[in-house]
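Participant: Residue numbers (numbering that gives the first Met the number 0): 0 to 266.
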Amino acid sequence: MAHIALTIAGSDSGGGAGIQADLKAMSALGVYGASVVTAVTAQNTQAVTAVHGIPLDVIAAQIEAVLSDLDVGAIKIGMLATPDIIETVSRALSEFAGPVVLDPVMIAKSGDALLTQDAVHTLRDILLPRATVMTPNLPEAACLLDDAEAETPDQMVKQGLALCDLGAHSVLMKGGHGRGDICHDLLIDASGKVAEFAAPRRDTRNTHGTGCTLSSSIAAGLTQGVPLVDAVAQAHGYLQGAIAQADGLQIGRGHGPVHHFHRVWPA
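1) Alpha carbon to alpha carbon, what distance is there between V132 and S214?
2) Would you kindly report the start and end of the unbroken alpha helix (DSSP H) that includes P199?
3) Considering only their Cβ atoms, is the gap separating A245 from T212 smaller than 8 Å?
4) Along the chain, which unbroken stretches of the beta strand (DSSP E) at least 3 residues long are found entirely within the region 2-39?
5) Put M105 into one of helix, strand or coil per three-state DSSP.
6) Determine the burial state of M0: buried for a count of at least 16 other Cβ atoms within 10 Å of its Cβ, exposed for fewer.
7) Determine the DSSP secondary structure at S169, reduced to helix, strand or coil.
8) If you draw a straight line from the C-alpha of I181 to the C-alpha of L101, how long is it?
9) Counting only the same chain and skipping the five closest in sequence on each side, list residues whose C-beta sits under 6 Å from that of Y31.
10) With burial defined as no fewer than 16 other Cβ atoms inside 10 Å of the residue's Cβ, what is the status of H51: buried or exposed?
11) According to DSSP, which residues form a beta bridge with N136?
12) Rounding to the nearest angstrom, what Cα-Cα distance links M105 and G72 in this structure?
13) What's the call for G208, buried or exposed, on a 16-neighbour Cβ count within 10 Å?
14) Determine whether the beta carbon atoms of I76 and L126 lie at a separation below 8 Å.
15) Pick from G13, V57, P98 and D56: whose alpha carbon is nearest that of L5?
Next up, the structure:
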């Protein structure tokens with residue numbers, strides 16, 4: 000029987016992030032990916048030029064259709080855009096008992112906003128407590144906590160614990176926006192246990208979809224029954240390979256995507 004993961008996120012017409020990145024990553028890791036589209040974006044490697052939210056009843060119907068028929072092992076939640084969409088998704092998942100990976104998508108790689116300001120608190124109050132693991136980058140964590148952006152590992156741990164205090168079971172603080180030659184990701188659980196995942200910082204602008212790819216890869220591991228720390232480690236290793244070969248794809252003229260299928264066909 001195939002392992003099944005569900006992504007609930009926005010569509011990226013450029014194919015590098017969102018639903019498209021999630022399904023590519025899940026497929027590359029041997030998991031069948033189902034999807035619920037929350038918004039359609041007109042997007043490429045340079046900009047987001049339009050965003051259209053899917054009607055709430057259609058979002059709820061998609062979730063019902065998938066969960067009533069497919070044996071979903073884990074869910075990744077990405078772009079939700081508005082408070083109404085967040086509330087709709089939360090209600091539709093009320094009876095789902097499996098792990099949930101929450102990626103608080105707020106800003107596209109191009110710098111365009113993907114989450115309205117009034118939706119930030121709704122996400123924090125309603126969905127954050129549902130997360131088995133939350134995967135914010137440093138600006139996202141700071142925004143959720145109304146705090147300054149973390150600059151040191153100690154500050155990253157402190158903010159991770161603060162997000163756990165708000166209800167998340169675990170938080171993966173992503174260090175991609177940090178400084179230094181080494182990028183540090185820190186997995187913090189509610190008990191204060193910390194696991195570190197480090198990698199050399201690569202000199203490339205082709206990192207579109209890294210957050211989506213990492214969170215959906217973690218969901219893929221959880222779907223396969225892999226413990227959280229190991230799922231994060233596997234996802235981290237997979238993403239580093241995808242970033243390492245991103246420049247070879249030569250997609251678009253802006254922030255190009257990572258290479259999701261680098262293990263199948265090298266760029």
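Even for Gly, the Cβ is constructed at its ideal location relative to N, Cα and C.
Predicted model, so just to flag it, every value in this text is computed and none were measured.
Facilitator: On the basis of the data shown:
1) For this step, residue 214 is matched to residue 215 along the sequence shown. For this step, residue 132 is matched to residue 133 along the sequence shown. Rounded to the nearest whole angstrom, the CA to CA distance from S214 to V132 is 9 Å.
2) As a position in the sequence shown, residue 199 is number 200, starting the count at 1. According to the DSSP assignment, P199 belongs to no alpha helix (DSSP H) but to the beta strand (DSSP E) extending over V193 to P199.
3) Counting from one through the sequence shown, the residue named residue 212 turns up at place 213. Counting from one through the sequence shown, the residue named residue 245 turns up at place 246. For the 8 Å CB-CB criterion, T212 and A245 do not form a contact.
4) Complete beta strand (DSSP E) runs here, min 3: 3-11.
5) As a working note, residue 105 is residue 106 in the sequence shown. Coil, per DSSP.
6) Within the sequence shown, the letter at position 1 stands for residue 0. The residue in question, M0, is exposed, as its Cβ has fewer than 16 Cβ neighbours within 10 Å.
7) Mapped onto the sequence shown, residue 169 falls at position 170. In the structure shown, S169 sits in a strand (DSSP, three-state: E or B).
8) By one-based count along the sequence shown, residue 181 stands at place 182. By one-based count along the sequence shown, residue 101 stands at place 102. Cα-Cα distance, rounded: 25 Å.
9) Along the sequence shown, one-based indexing puts residue 31 at 32. Taken in chain order, the residues that qualify are A1 and I3.
10) The sequence position of residue 51 within the sequence shown is 52, counting from 1. With fewer than 16 other Cβ atoms within 10 Å, it is exposed.
11) Here residue 136 refers to the residue found at position 137 when the sequence shown is read from its first residue. Answer is K173.
12) Taking the first residue of the sequence shown as position 1, residue 105 is located at position 106. Taking the first residue of the sequence shown as position 1, residue 72 is located at position 73. CA-to-CA, the gap between M105 and G72 works out to about 26 Å.
13) Here residue 208 corresponds to residue number 209 of the sequence shown, with the count starting at 1. Using a 10 angstroms sphere on the CB of G208, the tally of other CB atoms reaches 16 or more, which defines it as buried.
14) For the purposes of this step, residue 76 is taken as the residue at position 77 of the sequence shown. For the purposes of this step, residue 126 is taken as the residue at position 127 of the sequence shown. In contact: I76 and L126 (Cβ atoms closer than 8 Å).
15) Position 6 of the sequence shown, counted from the start, is the residue given in the question as residue 5. The residue with the shortest Cα to Cα distance from L5 is P98.
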